[in-house]
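Q:
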Amino acid sequence: MPTTLAAQPRAASAPTPARLLFVTLGYIETDFYARVGAELRRRGHEVAHLTASRRAARMLRRAGETAWCLADLVAETPVPADPDAAAEEARRRYGTATFREIYRTDIAAEGLSDEENVVRALRILDATERVIADWGPTGIVPEVGTETIRTAAHLVGLRRGVPVLFLFSTIFDDPLRLYVDEMHRHIVEPDEIVPPTDAQRARVEAFIAAFTARRTAIRAPRETGVSGHLARSFARHLAVKARWDRDNDWLRPWPWLRRMLAERARVVVARRLVAPPPATPYVYFPLHVVEDYKIKKLLPHCYDQGAIIELVAASLPHGMTLVAKEHPLAIGRTPVSLLHRISRLHNARVVPADVNSHDLMTGADAIVTIGSTVGLEALLYGKPVLTLGDPFYAGAGVTIDVTSFADVPRGVADVLAFTPDRERITAFLAAAMDRCLPGRPVLMDRSDENAATLAASLERGIADLAVAEATR
Numbered sequence: 001m002p003t004t005l006a007a008q009p010r011a012a013s014a015p016t017p018a019r020l021l022f023v024t025l026g027y028i029e030t031d032f033y034a035r036v037g038a039e040l041r042r043r044g045h046e047v048a049h050l051t052a053s054r055r056a057a058r059m060l061r062r063a064g065e066t067a068w069c070l071a072d073l074v075a076e077t078p079v080p081a082d083p084d085a086a087a088e089e090a091r092r093r094y095g096t097a098t099f100r101e102i103y104r105t106d107i108a109a110e111g112l113s114d115e116e117n118v119v120r121a122l123r124i125l126d127a128t129e130r131v132i133a134d135w136g137p138t139g140i141v142p143e144v145g146t147e148t149i150r151t152a153a154h155l156v157g158l159r160r161g162v163p164v165l166f167l168f169s170t171i172f173d174d175p176l177r178l179y180v181d182e183m184h185r186h187i188v189e190p191d192e193i194v195p196p197t198d199a200q201r202a203r204v205e206a207f208i209a210a211f212t213a214r215r216t217a218i219r220a221p222r223e224t225g226v227s228g229h230l231a232r233s234f235a236r237h238l239a240v241k242a243r244w245d246r247d248n249d250w251l252r253p254w255p256w257l258r259r260m261l262a263e264r265a266r267v268v269v270a271r272r273l274v275a276p277p278p279a280t281p282y283v284y285f286p287l288h289v290v291e292d293y294k295i296k297k298l299l300p301h302c303y304d305q306g307a308i309i310e311l312v313a314a315s316l317p318h319g320m321t322l323v324a325k326e327h328p329l330a331i332g333r334t335p336v337s338l339l340h341r342i343s344r345l346h347n348a349r350v351v352p353a354d355v356n357s358h359d360l361m362t363g364a365d366a367i368v369t370i371g372s373t374v375g376l377e378a379l380l381y382g383k384p385v386l387t388l389g390d391p392f393y394a395g396a397g398v399t400i401d402v403t404s405f406a407d408v409p410r411g412v413a414d415v416l417a418f419t420p421d422r423e424r425i426t427a428f429l430a431a432a433m434d435r436c437l438p439g440r441p442v443l444m445d446r447s448d449e450n451a452a453t454l455a456a457s458l459e460r461g462i463a464d465l466a467v468a469e470a471t472r
C-alpha cells in the first residue's frame, strides 16, 4: 500500500464516495474534525466519529452526526476471564513486540498497575474493533499522538486492511504530509530525486526566498503566564468532567492544572540556566518536546536528550561549543534537570528561548538534530545537518545521517567537513513539495478555512489511494 499519497498517480475523475472514521479525544479536536467531516459530507462522502468525550459525542449526535463515545463502548465490554492470555493473543493478532507497546506511551496509563493497563487496553481494542467492524469505514483518521485510543485505531485498521491516514505538517506553502498506515518514513527516497524542471526550480527558489526573508518560527511559543485563559480552561475541564465525562481517562483537570503551574515555575528557574549565543564557532542542537509522540512513541531510544547532547559535545573539536535551545512548544515543559545538565558541560550552553532560531542556524557551523524541522529549515540556508533519529527529510543525500549512537563521533566529524550540494537540495525540495498537500492538522490551524482545505486534501488523498491500489 502506498504510504505518501500525494506522490501517487492522480485520480482522473470524481472520487468514489468514501466512509471516513475520525478518532478524537474531544473538545478542540472533535469540533475541528466535525467541520472537516461536514465538508466531506457536502462532497458526497460519509463520516463518523469515535471520541473519548461523552459530551463531544452527544454534541455530534445532536448535529446529526454518527458518533460513539469510547467510554460507553468500553463499559459494555466484559473484562476478559484470563487477561494475560487475552493480551498474548492480542499481541500476536496485532503484531506488536509486546502488549505493553499498546499502552506504554499513554499518559492515562500512568499510575495504573500492569494488570489494570492490560485490561483497560484490551477493552479499548475490543470497543474499537466493534465500531470498525459494524460501521465499515474505508479510511480511518486518528490524528497522531500517544494515547491508547489512537494506537488502537491504528492497529485495528492495519489488521482489517482499512487505510489509516496520518496528518503531518511541514514548512512548505502546501504543508500537509499525508501518510498511510505508518507515521515514520522518508518523504522522498533517493531514487525519486531527479533534476527539477524549470517550473519546479522556480517554485523552490521562490519558497526559499520568502521563507528565509520572514525569519520567523513556524510555531508560536507556548503561553507560560498565569492568565485568565488558564483559569477558564481549568474551570471548563472541571465542569465537563463533573457533568459528562467522569470516566474519560484523558480529561484530568487537577493533574492538568498541576502540570500547567509546574511549567510556569520551570520557566522562572530556567532563566538562571541560559546564556547568550557564543562568539566562537558552534553547532546548534534544537531540543525536542520529550513528551511528544515523535520521541515517546517512534524514537524512545532518543528520550534521554541529555545523554545524546553529552555525546555530541564530547565529539566536538577544541574551541567549538554546542548550543541548545528549547522547542517553542516545550517552554516550561523541558525538565530543569536537562537544562542544568547541559549548562554544566564545559563546551555547551542553553540559549534563551526567545533567541531567533534562524539567527542560530545562520551562525552555526552545523546543525545536529534528532529529527527537528529545524534540520529541514537549515537546508534552505545551505547548512550542513546531522540527523540522529532518521527524520522524514533524511536519507536523501542532503544530510549526514547516523542511526547508531556509536556512530555519533564520526557523524559529527563528517558533518563539520560536509558541504551540502545546493543542486541536490533543490531537487530534494522539489520532490518533497510535490508530495505535500494544502491544509494543516488541528493543532496548527483550527479555522473554518483550514477545515475546508483539509477536507479537500483528504478527498484528493483518498482518490489517489484508490488509483494507486487499482494500478498495483
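If you read the sequence shown in our numbering, its first letter stands for residue 1, the second for the next number, and so on.
Every residue gets a Cβ at the ideal spot worked out from N, C-alpha and C, and that includes glycine.
1. In terms of alpha-carbon separation, which member of Leu176, Lys325, Pro328 lies closest to Ala456?
2. From which residue to which residue does the alpha helix (DSSP H) around Ile171 run?
3. Quick one: using the 10 Å Cβ neighbour count with 16 as the cut-off for buried, is Thr197 buried or exposed?
4. How about the region 419-428 and the region 143-152: do they share at least three Cβ pairs that are nearer than 8 Å?
5. Give the single residue among Met260, Val350, Thr280 whose Cα lies nearest to the Cα of Arg271.
6. Taking Ala430 as the reference, which of Arg201, Ala265, Val119 has the closest Cα?
7. Determine the burial state of Ile102: buried for a count of at least 16 other Cβ atoms within 10 Å of its Cβ, exposed for fewer.
8. Less than 8 Å between the CB atoms is what I'm expecting for Ala366 and Leu386, so what's the real figure, rounded?
9. Short check: CB of Pro190 to CB of Ala427, under 8 Å?
10. Could you check whether the Cβ of Lys296 sits closer than 8 Å to any Cβ belonging to chain D?
11. Would you kindly report the start and end of the unbroken beta strand (DSSP E) that includes Leu178?
12. Taking one C-beta from the region 111-125 and one from the region 33-53 each time, how about it: are there three or more such pairs within less than 8 Å?
13. Quick test of your reading: Leu60 and Ala67, contact by CB under 8 Å. State the CB separation rounded to the nearest angstrom.
14. How close, in whole Å, do the beta carbons of Pro409 and Ser315 come, if the pair is a contact with beta carbons under 8 Å?
15. Give the range of the beta strand (DSSP E) segment to which Pro286 is assigned.
16. Quick check: the Cα distance between Phe99 and Phe211, rounded to an integer number of angstroms?
17. Opposite Cys69 in the DSSP bridges: which residues?
18. Could you pull out every unbroken beta strand (DSSP E) segment of at least 3 residues lying fully inside the region 62-129, listed in chain order?
19. I need the DSSP call for Asp304, collapsed to helix, strand or coil.
20. In chain order, what residues of the same chain lie with their CB nearer than 6 Å to the CB of Gly371, ignoring the 5 residues before and after it?
21. With 16 as the cutoff for other CB atoms within 10 Å, does Trp244 come out buried or exposed?
22. What span of residues does the alpha helix (DSSP H) with Thr373 cover, start to end?
23. Among the residues of its own chain, which have a CB less than 6 Å from the CB of Leu238, if the five just before and after it don't count?
24. Output the distance between the C-alpha atoms of Leu322 and Val442, rounded to the nearest integer angstrom.
25. Does the beta-carbon of Ile28 have 16 or more other beta-carbons within 10 angstroms, so that it is buried, or is it exposed?
26. What are the start and end residues of the beta strand (DSSP E) that includes Val23?
27. Roughly how many angstroms lie between the CA atoms of Ile331 and Phe22, to the nearest whole one?
28. Per DSSP, which one or two residues make a beta bridge with Arg349?
29. Just confirm the distance between the C-beta atoms of Val141 and Leu20, as a whole number of angstroms; I'd bet it's less than 8 Å.
30. Is the closest heavy atom of the ligand NAP to the C-beta of Lys296 under 7 Å?
31. Assuming Val290 contacts Val368 (C-beta within less than 8 Å), just tell me the rounded distance between them.
32. State the start and end residues of the unbroken alpha helix (DSSP H) segment that holds Leu386.
33. Buried or exposed for Arg219, going by 16 or more other Cβ atoms inside 10 Å?
34. Please go through the same chain and pick out, in chain order, the residues whose beta-carbon is closer than 7 Å to the beta-carbon of Val274, but skip the five residues on each side of it.
35. Identify the residues that DSSP records as bridge partners of Thr369: which are they?
36. Would you mind giving the Cβ-Cβ distance between Ile425 and Val398, rounded to the nearest angstrom? I have them listed as a contact below 8 Å.
A: Concretely, from the data shown:
1. Leu176
2. Element bounds for Ile171: n/a, residue is neither H nor E.
3. exposed
4. no
5. Val350
6. Arg201
7. buried
8. 6 Å
9. No, Cβ-Cβ distance for Pro190 and Ala427 is not below 8 Å.
10. Of the chains in the structure shown, none is chain D; there is only one protein chain.
11. 176-180
12. no
13. 4 Å
14. 4 Å
15. Looking at the DSSP string, the run of the beta strand (DSSP E) that includes Pro286 is 282-286.
16. 44 Å
17. Thr51
18. Fully enclosed beta strand (DSSP E) runs of 3 or longer: 66-69.
19. Residue state, collapsed to three classes: coil.
20. Gly389, Pro391
21. buried
22. 373-380
23. Pro253
24. 34 Å
25. With fewer than 16 other beta carbons inside 10 angstroms of its own, Ile28 counts as exposed.
26. 19-24
27. Near 30 Å, if we compare the C-alpha coordinates of Phe22 and Ile331.
28. Val323
29. 6 Å
30. For the ligand NAP, the structure offers nothing, since it holds no ligand at all.
31. Contact doesn't hold; Cβ gap of about 17 Å is too wide.
32. Note, Leu386: premise wrong, no alpha helix (DSSP H); beta strand (DSSP E) at 385-387.
33. Residue burial annotation: Arg219 is exposed, with fewer than 16 other C-beta atoms found within 10 angstroms of its C-beta.
34. Setting aside the 5 residues that flank it on each side, Val274 is surrounded in the same chain by Val350, Val351, Pro352, each with a C-beta closer than 7 Å to its C-beta; the list follows chain order.
35. Thr387
36. Under the criterion of beta carbons closer than 8 Å, Ile425 and Val398 qualify as touching, at roughly 5 Å.
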